[in-house]
Amino acid sequence: MDSEDYVELVLTCVERVPPARVTTYGAIAEAVGEVYGGGGPRQVGRVMSQHGGAVPWWRVVHADGSPPTCHDGTARQAYLAEGTPWRPSGRVDMDTAFWRPAPPATMAP
DNA sequence: AATATGACTGTCT
DNA sequence: AAGACAGCCATAT
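Okay, here's the thing in structure tokens:
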């Protein structure tokens, strides 16, 4: 299991998140960590910072449902376009939109 | 090898 | 509600 694999697992989880749904760094870390062992929210964040441009990164939010970092304006547009439950507080409605990522199970037949 | 850093999270003030 | 503090884990210097 290489760090490259970890990246693939994380990106896969993000891609599995359906439209109008979001997940959190911690949830991804938990799902990926199940098959990878170790890992943590920070590692997920690191992966996103480097490879996030290749996936719908706006479907990955903080534990409180607020958008990741900059581009928060862009993220808001994406949520609006996808119909993601938006809260007037300026964050995603976690109770409705939260998606629990499924562990890719190492994807090794 | 030790220290610093980061797209994190939970708890306390 | 917003900021401070402390855990956590992999990389970079």
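Counting in the working numbering, the first sequence runs from 332 upward without gaps.
Backbone N, C-alpha and C fix where the C-beta goes; we use that ideal spot for every residue, glycine too.
Beta-bridge pairing of residue i - partner residues as DSSP gives them
| i | result |
| --- | --- |
| residue 355 | 392 |
| residue 423 | 417 |
Range of the contiguous alpha helix (DSSP H) that encloses residue i
| i | result |
| --- | --- |
| residue 334 | 334-347 |
| residue 431 | Per DSSP, residue 431 belongs to no alpha helix (DSSP H) and is neither H nor E. |
| residue 372 | 372-382 |
Cβ neighbour criterion (16 or more within 10 Å) applied to residue i
| i | result |
| --- | --- |
| residue 364 | buried |
| residue 411 | exposed |
| residue 408 | exposed |
| residue 379 | buried |
| residue 381 | exposed |
| residue 414 | exposed |
| residue 368 | exposed |
| residue 421 | exposed |
| residue 374 | buried |
Beta-carbon proximity check, residue i vs residue j, cutoff 8 Å
| i | j | result |
| --- | --- | --- |
| residue 345 | residue 392 | no |
| residue 349 | residue 430 | yes |
| residue 353 | residue 434 | no |
| residue 351 | residue 406 | no |
| residue 432 | residue 347 | yes |
Residues near residue i in its chain [Cβ-Cβ closer than 8 Å; skip 5 each side]
| i | result |
| --- | --- |
| residue 370 | 337, 360, 363 and 364 |
| residue 436 | 366 |
6 Å Cβ shell around residue i - same chain, five flanking residues per side excluded
| i | result |
| --- | --- |
| residue 424 | 416 and 418 |
| residue 441 | The structure shown does not extend to residue 441, since the chain is modelled only from 332 through 440, so no value can be given for it. |
Contact set for residue i: own chain, Cβ-Cβ below 7 Å, skip 5 residues either direction
| i | result |
| --- | --- |
| residue 439 | For residue 439, the pLDDT reaches just 45, beneath the cut-off of 50, and the residue's location in the model is therefore unreliable, although a value from the coordinates is still provided. Hits under 7 Å: none found. |
| residue 395 | 422 |
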